[in-house]
Structures are given as structure tokens and as C-alpha cells.
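Undergrad: Residue 52 in UniProt numbering is what sits at position 52 of the sequence shown, and the numbering runs on without skipping anything.
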Amino acid sequence: MPLRASTLSDSFKGISFSIHTHCSLYNTTREVRSKSGIGVKAGDSNMGLKEEFEEYAEKAKTLPENTSNESKLILYGLYKQATVGPVNTGRPGIFSMKERAKWDAWKAIEGKSKEEAMSDYITKVKQLQEEAVASA
1 MPLRASTLSD
11 SFKGISFSIH
21 THCSLYNTTR
31 EVRSKSGIGV
41 KAGDSNMGLK
51 EEFEEYAEKA
61 KTLPENTSNE
71 SKLILYGLYK
81 QATVGPVNTG
91 RPGIFSMKER
101 AKWDAWKAIE
111 GKSKEEAMSD
121 YITKVKQLQE
131 EAVASA
């Protein structure tokens, strides 16, 4: 049975930005745990970027409900790359459409450093916030 576009669209509704619980970073060196659980090594020069990333991860939760699924998936992929790194799981099966789309979004940005992913995530959230204000 072929899938209709509306069926796929419905499957992606409700993609949550509350993916913080999926990510925990552990390191044997001394770390400072930030609000979202992202490990920041003491003396890390990117501490400002990580804090800004966390701020925009919180702001992403307040984006309008009509934010496109494509944008939500881009944010998901960037968030996972920034917090976990490269994809570390197998691709979900065809019947897990939502999970598969999320995995594909993460895989699509494979090769970006965590810092690049954080920066791109911040830029994307800013863009979506501006679009929301412009359309209001």
C-alpha cells in the first residue's frame, strides 16, 4: 500500500524538541555539567558557544506549532550531532517512519564537528524565530 504525503506529514507531527534526555556525555576528565547535561571541560574555549547552544535549545521549544517538519528534522539532526556526535545506531525500519526520518536527518549532517553543529543549530533557531515574527 503506497504511503500518501498526508500520512507521512501526520507521522512527523509532534516531533519533540525535548531530546535532551537522549543525550548524556561522559568524560574521564573534569567536567562542569550544564543545565542540559552537556559536558563542558573545565577551561574549554568553546564554553560560550555551548552555553549559547543550550540557550537556543530552550528557545527551540517555544517555536510555533506550525514550524515545518523539515525545519524540525534539521534541528533534530543538528542537536544530535552537537550533543552526541556521529550517528551511533542502526537505521530504524521502514515501519518506524518518524524515527527513521529523525535518524536520516542526523545522518545527513554526518561529518560536521560538534562545534559546527552547535553554531548551525543556533543560526537555524534564529532564522525560525525571525520567520515566526515576520509571519505574525
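Glycine residues also receive a C-beta, built at the ideal position from the N, C-alpha and C atoms. Please read all numbers here as calculations on a predicted model, not as lab measurements.
Can you tell me whether F53 is buried or exposed? The criterion is at least 16 other CB atoms within 10 Å of its CB, across all chains shown.
TA: It is buried - the Cβ of F53 has at least 16 other Cβ atoms within 10 Å.
Undergrad: Determine the closest residue to N69 out of A101, K126, V133, with distance taken between C-alpha atoms.
TA: Out of A101, K126, V133, A101 has the C-alpha closest to the C-alpha of N69.
Undergrad: Hey, could you find the ends of the alpha helix (DSSP H) K59 is sitting in?
TA: K59 -> alpha helix (DSSP H) spans 47-60.
Undergrad: Report the rounded CA-to-CA distance for N88 versus V133, giving the unit in angstroms.
TA: For N88 and V133, the distance between alpha carbons rounds to 36 Å.
Undergrad: Whole angstroms are fine: how far does the CA of E131 sit from the CA of T83?
TA: One C-alpha to the other measures close to 26 Å.
Undergrad: How far does the alpha helix (DSSP H) with A105 in it reach, from first residue to last?
TA: Segment 97-108, the alpha helix (DSSP H) holding A105.
Undergrad: Quick check: P92 and W106, are their CB atoms within less than 8 Å of each other?
TA: Cβ distance not < 8 Å, so P92 and W106 don't count as in contact.
Undergrad: Using only the alpha-carbon positions, how far apart do Q81 and M118 sit?
TA: Rounded to whole angstroms, Q81 to M118 spans 8 Å at the Cα level.
Undergrad: For G85, I'd like the list of residues in its chain whose CB is within less than 7 Å of its CB, leaving aside the five on either flank, ordered along the chain.
TA: K114, listed in sequence order.
Undergrad: Apply the 10 Å Cβ neighbour rule to I94 and answer buried if 16 or more other Cβ atoms are within range, or exposed otherwise.
TA: Result: exposed.
Undergrad: Would you report the Cα separation of E65 and Y76, rounded to the nearest angstrom?
TA: One C-alpha to the other measures close to 15 Å.
Undergrad: Between the alpha carbons of L78 and T62, how many angstroms are there, rounded?
TA: C-alpha separation (whole angstroms): 17 Å.
Undergrad: What's the call for K126, buried or exposed, on a 16-neighbour Cβ count within 10 Å?
TA: K126 comes out exposed.
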